[in-house]
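Below: one structure, written as structure tokens.
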């Protein structure tokens with residue numbers, strides 16, 4: 001029976017409509033597994049083409065050449081040389097386009113997505129995120145650091161060479177502020193982090209859990225907005241990704257690669273976005289916000305109803321999605 | 332220079348990034364103008380196939396046969412026979428899937444989108460919206476009526492025969508509640524409807540206005556989330572679409588058809604969504620909320636940054652979009 005579910009923290013509703021559901025394997029991407037060359041002479045991220053990007057801000061080396069590489073985003077919508085000064089145009093607020101946008105090239109090979117990398121390279125990527133996020137947060141204008149990855153056309157990328165992005169802004173969007181305030185209110189009322197509570201609840205119920213590792217839990221959220229949405233949270237309470245320690249990086253590399261491999265194998269390399277959310281820089285380490293990662297395969301198209309109401313219709317109950325993903329082999 | 336702009340009412344930020352902009356005509360859809368047959372024997376919305384849909388709840392007749400027809404949505408995610416009872420599963424809130432979902436078939440011809448209909452038929456569609464919205468709001472469980480249209484694959488529809496949808500729910504989503512509360516707060520502070528203010532401001536500035544008719548203004552919003560986004564508001568303050576009068580329907584038909592024709596001619600029939608927003612049924616007619624229509628051509632793909640921050644990057648300044656749309660012929 002179709003029913004509405006409310007996100008415990010944001011109070012957003014979704015409709016879980018299993019009557020319209022396909023079997024999980026019917027969500028397999030039909031674009032066909034693309035065979036890319038290992039090297040593309042025109043790709044700005046392939047070795048030998050380093051002159052096509054601005055100079056690297058950080059490199060992780062392996063055997064004399066780079067294994068991971070972070071460069072300023074040449075085509076960014078925000079620019080570090082601008083100010084974050086506020087202006088009023090009549091009643092309307094604008095801010096100069098200050099921001100720092102960087103691209104993390106995840107591997108020298110043109111044809112290896114994160115799901116297919118060696119564990120050591122996934123660790124390198126996660127370490128790169130930590131180093132760059134820490135560095136960007138030191139800029140006195142920066143108040144939010146967002147780490148994300150767009151994989152595939154439907155997820156908004158056109159560059160095939162596997163990469164992710166880090167964007168630091170002075171602006172704290174209402175989206176983030178509202179979410180943090182909801183968490184703060186819960187903490188004020190009940191004296192605990194609402195995300196720690198969710199994590200413990202999911203471990204108790206088990207039905208939506210995909211992976212329960214030493215340091216992380218990955219599950220399909222109760223009020224998932226779309227099929228196979230995945231949330232990953234550290235068991236140790238921390239508000240910002242840059243607090244991640246070496247043992248956690250090692251563990252998260254295994255968890256993240258497994259999750260992406262499950263999507264790759266189970267749904268035939270679907271396009272996806274992921275985001276790592278941390279608290280604002282000015283709030284810093286808090287008792288109420290918990291850093292986390294959300295992975296969303298792009299399998300459905302939000303339309304007028306979602307635009308009108310903010311209510312997403314999800315035809316795949318998260319309990320069924322989790323069961324399917326638990327069972328997909330990562331070999 | 333790229334800069335952030337804040338939505339005056341919702342406080343949502345967008346980045347206007349004209350450096351990355353294409354010329355307006357480079358946004359033309361490349362899918363090619365599709366030539367559809369006037370009649371498709373397998374289409375449930377074509378005349379003669381009325382038995383493929385549930386019985387009509389309303390028809391507008393023209394010369395003995397129907398010109399517009401509204402039917403219950405056979406594949407809806409919500410169902411009128413369910414209750415809207417709340418349940419707590421532990422701490423987590425769910426509601427049975429009550430809702431009423433109807434489909435408005437806009438014309439008997441298989442191959443005529445709203446942009447290409449005769450004026451009389453567009454009026455019929457708008458009148459149908461009014462009648463059905465009025466009727467659905469009488470259901471004691473209903474608290475929100477959302478009217479919308481999905482045109483094309485990227486806008487989330489697969490049925491080519493031109494149609495729109497009306498969904499009535501018991502749930503008032505946080506999305507809507509937040510927006511109404513922001514408007515209420517503005518009204519509390521300044522004693523006027525913030526949307527009336529926006530409308531007057533846009534008429535004064537002129538630079539974002541596309542059409543200024545007797546009863547309506549259509550413009551590209553200051554903080555447009557995506558290229559060629561269009562807002563249409565009635566000059567007469569009213570909170571709910573079902574208060575629209577005959578003179579306004581006649582005028583809106585001309586305005587809406589012109590706007591859709593401008594998109595069709597100027598951007599080569601882009602996929603689009605539109606939504607008509609009204610206040611909740613229980614709030615009813617208020618001084619602070621103003622019914623309105625938003626039209627969004629689907630020309631870009633929101634990605635990880637939008638998912639992480641709620642900040643949309645828009646490469647087409649609304650002032651340039653409005654200028655382009657003003658100049659596109661509706662012939």
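Protein chains in written order, with my numbering: chain A, 1 to 331; chain B, 332 to 662. A virtual CB, placed ideally from N, CA and C, is assigned to each residue, including glycine. If you're wondering where the values come from, they're calculated on a predicted model, not measured in any experiment.
The region 530-543 of chain B makes no contact with the region 438-452 of chain B; the number of CB pairs closer than 8 Å stays below 3. Contact note: residue 498 of chain B reaches chain A through 305, using a C-beta cutoff of 7 Å and chain order.
What residue 150 of chain A touches in chain B, judged by beta-carbon distance under 7 Å, is 634, 635, going in chain order. Only 10, 11, 12, 13, 15, 16, 17, 19, 20 from the region 10-35 of chain A bring a Cβ to less than 9 Å from some Cβ of chain B. Residue 319 of chain A and residue 413 of chain B have their alpha carbons spaced roughly 22 Å apart. Checking the DSSP bridge columns, you'll see residue 480 of chain B partnered with B:605. Contact check for residue 239 of chain A against residue 279 of chain A passes: the beta carbons are separated by less than 8 Å.
By the criterion of at least three beta-carbon pairs nearer than 8 Å, the region 507-519 of chain B is not in contact with the region 429-440 of chain B. For residue 580 of chain B, the CB contacts under 8 Å within the same chain, skipping 5 residues up- and downstream, are 454, 457, 458, 461 in chain order. Judged by DSSP in its simplified three-state form, residue 254 of chain A adopts helix.
Between the alpha carbons of residue 155 of chain A and residue 635 of chain B lies a gap of roughly 8 Å. Inside the region 176-256 of chain A, DSSP marks whole beta strand (DSSP E) runs of 3 or more residues at positions 209-212, 216-219, 230-234, from first to last along the chain.
Where residue 119 of chain A is concerned, the enclosing alpha helix (DSSP H) starts and stops at 119-137. Put simply, the CB of residue 507 of chain B is near chain A, with a gap under 8 Å to one of its CB atoms.
Between residue 267 of chain A and residue 5 of chain A, the gap from beta carbon to beta carbon reaches 8 Å or more. Within its own chain, the residues whose Cβ lies closer than 8 Å to the Cβ of residue 276 of chain A, once the five positions on either side in sequence are excluded, are 129, 146, 147, 148, 241, 291, 292, 293, listed in chain order.
Not flagged as an interface residue toward chain A: residue 562 of chain B, since no C-beta distance is shorter than 8 Å. Of all residues in the region 65-91 of chain A, the ones placed with a Cβ closer than 8 Å to any Cβ belonging to chain B are 75, 77, 78, 79, 82, 90, 91, in chain order. Taking all protein chains shown into account, residue 417 of chain B has fewer than 16 neighbouring C-beta atoms within 10 Å of its C-beta and is therefore exposed. No Cβ-Cβ contact shorter than 8 Å links residue 332 of chain B with residue 63 of chain A.
Within the same chain, Cβ atoms closer than 8 Å to the Cβ of residue 548 of chain B are found at 530, 533, 534, 540, 542, 563, 564, 566, the five residues on either side in sequence being excluded. Within the same chain, and ignoring the five residues on either side of residue 170 of chain A in sequence, the residues whose Cβ sits closer than 6 Å to its Cβ are 84, 98, 141, 143.
Restricting attention to B:410, B:544, B:387, B:639, the CA atom closest to the CA of residue 590 of chain B is found in B:544. Against chain B, the CB of residue 93 of chain A has a partner CB under 8 Å away; the residue lies at that interface. For residue 492 of chain B, no Cβ of chain A is located within less than 8 Å of the residue's own Cβ.
Under the DSSP assignment, residue 61 of chain A falls outside any alpha helix (DSSP H), being part of the beta strand (DSSP E) whose first and last residues are 58-62.
In summary, no residue of the region 447-465 of chain B has a CB separated from any CB of chain A by less than 7 Å.
Just measuring C-alpha positions, the residue of A:157, A:265, A:102, A:164 sitting nearest residue 136 of chain A is A:102. Here residue 603 of chain B really is in contact with residue 629 of chain B; their C-beta atoms are around 6 Å apart, less than 8 Å.
When C-alpha distances from residue 121 of chain A are compared across A:252, A:284, A:295, the shortest belongs to A:252. Rounded to the nearest angstrom, the gap between the Cα atoms of residue 516 of chain B and residue 526 of chain B is 13 Å. Where residue 640 of chain B is concerned, the enclosing alpha helix (DSSP H) starts and stops at 635-640. Identification of residues in the region 260-292 of chain A having a C-beta nearer than 9 Å to some C-beta of chain B yields 273, 274, 275, 276, 277, given in sequence order.
For residue 101 of chain A, the three-state secondary structure derived from DSSP is strand. Inter-residue distance for residue 409 of chain B and residue 65 of chain A is about 56 Å (C-alpha atoms, whole angstroms). DSSP places residue 620 of chain B in the coil class of the three-state scheme, outside both helix and strand.
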